[in-house]
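Undergrad: Going down the list, the protein sequences come from chains A and B. Under our numbering, the first sequence has 156 at position 88, and the numbering climbs by one with no breaks. Under our numbering, the second sequence has 384 at position 115, and the numbering climbs by one with no breaks. First, the structure itself, so that you have it in front of you.
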Amino acid sequence: AQKVTQAQTEISVVEKEDVTLDCVYETRDTTYYLFWYKQPPSGELVFLIRRNSFDEQNEISGRYSWNFQKSTSSFNFTITASQVVDSAVYFCALLTGGGSNYKLTFGKGTLLTVNP
Amino acid sequence: ETGVTQTPRHLVMGMTNKKSLKCEQHLGHNAMYWYKQSAKKPLELMFVYSLEERVENNSVPSRFSPECPNSSHLFLHLHTLQPEDSALYLCASSQESGTGVHFEQFFGPGTRLTVL
Chain A
69 AQKVTQAQTE ISVVEKEDVT LDCVYETRDT TYYLFWYKQP PSGELVFLIR RNSFDEQNEI
129 SGRYSWNFQK STSSFNFTIT ASQVVDSAVY FCALLTGGGS NYKLTFGKGT LLTVNP
Chain B
270 ETGVTQTPRH LVMGMTNKKS LKCEQHLGHN AMYWYKQSAK KPLELMFVYS LEERVENNSV
330 PSRFSPECPN SSHLFLHLHT LQPEDSALYL CASSQESGTG VHFEQFFGPG TRLTVL
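Structure below.
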């Protein structure tokens, strides 16, 4: 079975704080892809990052960074010096297979509220 | 138009109506997807059209019927829906390599559907 768990339903921080959003996944496949998406109040999901199972390098993009740990099946997302515009629902997703075996599973999302 | 567009943005229909949701992608992608997003539930992948192949989620009721006339257009035909089908329906597209390499999906703004 394939599963994505985002244990934090809601997080509230004050602007300029750092915040980490957790994502834990389960799959029996050895080849898979992990994604993070942001859904602001407007509703449209915005792609943030893609990582395949063979690439455990952590990545930093501006104030965003991602920590991929295969040993703990985690793909956590950290926002440094958070801003009000970061307020959104953040989804982690796991993709395996292809063709008729295509399977994409999203976590339930974490609502991040950044207060001024 | 750029990216992924969806029409209508809002739709209210009765249980006996027949309506269609439309999605168009302007990104030159070869795969398109329908998702359902209900309150308090994870994003659910409903249908996939990838490299001319349709992948179904067998848990989707037959009152939802997808149509993909070409790689740029995707429809979701709705008939005899139930109130619990009220949700945000999101369309997405991606470029699939056909060799097991998957890339990120780009989402449209969604259609907010209310079934009375």
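C-beta atoms are modelled at their ideal positions from N, C-alpha and C, and glycine is treated no differently.
Between the segment 348 to 358 of chain B and the segment 283 to 294 of chain B, can you find at least three pairs of beta-carbon atoms closer than 8 Å?
TA: A contact exists between the segment 283 to 294 of chain B and the segment 348 to 358 of chain B.
Undergrad: DSSP three-state label for K138/A, please.
TA: If you number the first sequence from 1, residue 138/A lands on position 70. Helix.
Undergrad: How should S139/A be labelled, buried or exposed, when 16 other C-beta atoms within 10 angstroms of its C-beta is the threshold for buried?
TA: What you label residue 139/A is simply residue 71 of the first sequence in a count that begins at 1. Classification of S139/A: exposed, given that the 10 Å Cβ count is below 16.
Undergrad: Check P109/A in the structure and name its three-state DSSP category.
TA: If you number the first sequence from 1, residue 109/A lands on position 41. In this structure, P109/A counts as coil in the three-state DSSP scheme.
Undergrad: Taking Cβ positions, are L163/A and F122/A nearer each other than 9 Å?
TA: Residue 163/A sits at position 95 when you count from the first residue of the first sequence. Residue 122/A sits at position 54 when you count from the first residue of the first sequence. Taking 9 Å as the Cβ cut-off, L163/A and F122/A do not qualify as a contacting pair.
Undergrad: Verify whether the separation of the beta carbon atoms of Q294/B and T274/B is less than 9 Å.
TA: For the purposes of this step, residue 294/B is identified with residue 25 of the second sequence, where counting begins at 1. For the purposes of this step, residue 274/B is identified with residue 5 of the second sequence, where counting begins at 1. Cβ atoms of Q294/B and T274/B: closer than 9 Å.
Undergrad: In terms of residue numbering, what span does the beta strand (DSSP E) encompassing L343/B cover?
TA: Here residue 343/B refers to the residue found at position 74 of the second sequence. L343/B -> beta strand (DSSP E) spans H342 to H348.
Undergrad: Are the CB atoms of L116/A and F145/A within a distance shorter than 9 Å?
TA: One-based indexing of the first sequence puts residue 145/A at position 77. One-based indexing of the first sequence puts residue 116/A at position 48. Closer than 9 Å, so yes.
Undergrad: Where does E293/B sit, in a helix, a strand or coil, going by DSSP?
TA: Position 24 of the second sequence, counting from 1, holds the residue named residue 293/B. In this structure, E293/B counts as strand in the three-state DSSP scheme.
Undergrad: Cα-Cα, which of C292/B, F316/B, S362/B and C337/B is closest to V329/B?
TA: The count along the second sequence starts at 1 and reaches residue 329/B at position 60. Minimum Cα distance to V329/B is reached at F316/B.
Undergrad: Around the Cβ of H342/B, are there at least 16 other Cβ atoms within 10 angstroms (buried) or fewer (exposed)?
TA: Here residue 342/B refers to the residue found at position 73 when the second sequence is read from its first residue. When all chains shown are included, H342/B counts as exposed.
Undergrad: Can you check whether the C-beta of A161/A is within less than 9 Å of a C-beta belonging to chain B?
TA: Position 93 of the first sequence holds residue 161/A. It does: the Cβ of A161/A has a partner Cβ on chain B nearer than 9 Å.
Undergrad: Can you pull the chain B neighbours of R118/A, defined as C-beta to C-beta under 9 Å?
TA: Residue numbering aside, residue 118/A sits at position 50 when the first sequence is read from its first letter. Under the 9 Å cutoff, chain B gives H371, F372 and E373.
Undergrad: My output table needs one value for E365/B: the three-state DSSP class, helix, strand or coil.
TA: The residue labelled residue 365/B in the question sits at position 96 within the second sequence. Reduced to three states, the DSSP call for E365/B is coil.
Undergrad: Quick one: which chain A residues come within Cβ less than 7 Å of F316/B?
TA: Position 47 of the second sequence, counting from 1, holds the residue named residue 316/B. Within 7 Å Cβ-Cβ: nothing; F316/B doesn't reach chain A, min ~11 Å.
Undergrad: Tell whether a beta-carbon distance below 9 Å holds between L385/B and V281/B.
TA: As a first step, residue 385/B must be located in the second sequence, where it is residue number 116. As a first step, residue 281/B must be located in the second sequence, where it is residue number 12. Taking 9 Å as the Cβ cut-off, L385/B and V281/B qualify as a contacting pair.
Undergrad: If we count the other Cβ atoms within 10 Å of its Cβ and call it buried at 16 or more, is L296/B buried or exposed?
TA: Along the second sequence, one-based indexing puts residue 296/B at 27. Exposed, because fewer than 16 other Cβ atoms sit within 10 Å of the Cβ of L296/B.
Undergrad: Hey, out of F372/B, E373/B, Y302/B and Q374/B, whose CA is closest to S334/B's CA?
TA: The count along the second sequence starts at 1 and reaches residue 334/B at position 65. Answer by Cα proximity: Y302/B.
Undergrad: Tell me whether V370/B sits in a helix, a strand or coil according to DSSP, three-state version.
TA: To locate residue 370/B, count along the second sequence from 1; it is residue 101. V370/B: coil per DSSP, three-state reduction.
Undergrad: Which residue wins for smallest C-alpha separation from I79/A, given the options C160/A, S155/A and R119/A?
TA: For the purposes of this step, residue 79/A is taken as the residue at position 11 of the first sequence. Nearest C-alpha to I79/A: S155/A.
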